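In what follows, a single structure is set out as structure tokens and then discussed.
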Amino acid sequence: MSEAHEKQAELIEAGRMLFAKGWIFIRGVPAMKFLPPEGPTEIAFAGRSNVGKSSLINALVGQKGLARTSNTPGRTQELNYFVPEGYSGEKGDLPPLALVDMPGYGFAEAPKAQVDAWTRLVFDYLRGRTTLKRVYVLIDARHGIKKNDAEVLDLLDKAAVSYQIVLTKIDKIKAAGVPRLMEETAKATAKRPAAFPGIIATSSEKGVGLDELRAAIVRLTRE
């Protein structure tokens, strides 16, 4: 086994151990003043309201009911914080890592004021949170990058926050089409200043790509 393969195997095992612990919800943040104390590495997940964000977070931690899926697209307009069990997330009791479920976007029926509030909260968070190491932007493999996905990527580029594309529901397209989709997605983001290279293809239902994503998150906690 090469050194690179050994390193990846070690990261995968570390990711398995980290996410094998129980995880808990600690708070919903409707405005910046309600954010928990800064300290641990924060990893955020963004995506359209129906992209499978809650399902991916639940699959990552192996807990079906942790991140709740709303039947109403765009209903949750808060930053939802999750940490490993045994930590409160308060000063003096900070976890090694916090996962942040960002509000879904792309809900056509939402009033303009709600969309504006979402944009303001998200941009303030992206621009002002120094412990935020990476935003994983979830893209439905069946649809690719849509107009409002591109608008969120613009927002991330403007905020100068590192992000990486994660394809969801990869099991819903033909296996033969996956390499081409990954290549097209990589090409579409190649010139974006804040985009981290490399596309992660996942399926929450089949467990595809979860080891790779966990390993990537562990790597970020060590930087």
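Going left to right, the sequence shown walks through residues 458 to 680 as our numbering numbers them. Ideal placement from N, C-alpha and C gives every residue a C-beta, glycine not left out. Just so it is clear, the structure is predicted and the values come from calculations on it, not from any experiment.
{"Item": "Quick check on the burial criterion: 16 or more other C-beta atoms within 10 angstroms. Buried or exposed for residue 414?", "Value": "Coverage of the chain is limited to positions 458 through 680, which leaves residue 414 absent and any answer about it impossible."}
{"Item": "Determine, using beta carbons only, whether residue 576 and residue 595 come nearer to each other than 8 angstroms.", "Value": "no"}
{"Item": "Go through the region 588-676 residue by residue and report every complete run of the beta strand (DSSP E) that reaches 3 residues or more, in order.", "Value": "589-597 and 620-625"}
{"Item": "For residue 488, collect the residues of the same chain with a Cβ closer than 7 angstroms to its Cβ; drop the 5 residues on either side in sequence, then sort them by chain order.", "Value": "578"}
{"Item": "Can you list, in chain order, the stretches of the alpha helix (DSSP H) that have 4 or more residues and sit fully within the region 500-556?", "Value": "510-518"}
{"Item": "Would a C-beta distance cut-off of 8 angstroms place residue 604 and residue 561 closer than the cut-off?", "Value": "no"}
{"Item": "List the residues that DSSP assigns as beta-bridge partners of residue 558.", "Value": "502 and 537"}
{"Item": "For residue 635, tell me which candidate among 482, 499 and 599 has the shortest Cα-Cα distance.", "Value": "599"}
{"Item": "Buried or exposed, going by whether 16 or more other CB atoms sit within 10 Å of the CB of residue 559?", "Value": "buried"}
{"Item": "Check each candidate in 592, 493, 555 and 630 and name the one with the smallest Cα separation from residue 547.", "Value": "493"}
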